[in-house]
Amino acid sequence: MKTGSCHLLATVVITLIAGLAFVKSHTILANDLIPTVSSLNATAEVVFVDAGAVAACLKAARAGALCLSLDRVLNPSGRLANMRDVRWLLGSYGLTGDEQVVIYADDEKTRDAMAAVFYLAGQDRVGRLINSAQVDLTGKGVAGALSRR
11 MKTGSCHLLA TVVITLIAGL AFVKSHTILA NDLIPTVSSL NATAEVVFVD AGAVAACLKA
71 ARAGALCLSL DRVLNPSGRL ANMRDVRWLL GSYGLTGDEQ VVIYADDEKT RDAMAAVFYL
131 AGQDRVGRLI NSAQVDLTGK GVAGALSRR
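Residue numbering for the sequence shown follows our numbering, starting at 11 and increasing by one per position.
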């Protein structure tokens, strides 16, 4: 190898090692970024999102909960839609990104996936309801609009 190539390779290797050390020391757990919420005694400003089936949510959900199922943010092949479209969809539910949202669903994986989507879309504060069985389903959920609210 030429001397210039050796220096370049050494620089790249050192940069990678330093980067890995930085990432390892600054790793944040998902539970810290998207905390779990154990109580439904939330303030009136909290927006609840039912990530289960939309049809079921519209019939029985926490009163005023947004009915937004995971399949609404996935494309036909099951991949996550681009963030521009996800943000537009959240806007059609009246969300600006400044609200605190709490996600619940019958399935924990669905709940966690939807919470991650909200986080990645830039929602200010996202929480996951620990025990969805505690949700009072005597109200009706709210569907999104055809345009941003």
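Glycine included, every Cβ here is placed at the ideal spot set by N, Cα and C. These numbers were taken from a predicted model, which means no experiment stands behind them.
**Q.** Rounded straight-line distance, which links the Cα of residue 110 to that of residue 58
**A.** 9 Å
Integer Cβ distance of residue 152 from residue 62, believed to fall under 8 Å:
In fact, because the Cβ distance is near 14 Å, the residues do not count as touching under 8 Å.
Practice problem: Tell me whether residue 129 sits in a helix, a strand or coil according to DSSP, three-state version. | Solution: helix
Excluding the 5 residues flanking residue 67 on each side, which residues of the same chain have their C-beta closer than 6 Å to its C-beta?
60, 77 and 151
* Asked: According to DSSP, is residue 106 helix, strand or coil?
  -> coil
- Are the beta-carbon atoms of residue 48 and residue 113 separated by less than 8 Å? no
Skipping 5 residues on each side, what residues in its chain have a beta carbon closer than 6 Å to that of residue 132? Excluding its 5 nearest sequence neighbours in each direction, residue 132 has C-beta neighbours in its own chain below 6 Å: 107, listed in chain order.
Bounding residues of the alpha helix (DSSP H) (the contiguous stretch that carries residue 57)
From DSSP, residue 57 is part of no alpha helix (DSSP H) but of the beta strand (DSSP E) over 57 to 60.
* Asked: According to DSSP, is residue 66 helix, strand or coil?
  -> helix
Thinking C-beta only, is residue 155 closer than 8 Å to residue 102?
-> yes
Can you tell me whether residue 43 is buried or exposed? The criterion is at least 16 other CB atoms within 10 Å of its CB, across all chains shown.
exposed
(Q) Given this structure, state the Cα-to-Cα distance separating residue 91 from residue 126, to the nearest angstrom. (A) 13 Å
Could you confirm whether any beta carbon from chain B is found closer than 8 Å to the beta carbon of residue 146? Going by chain labels, chain B is absent from the structure shown, which holds only one protein chain.
Quick check: residue 71 and residue 149, are their CB atoms within less than 8 Å of each other? yes
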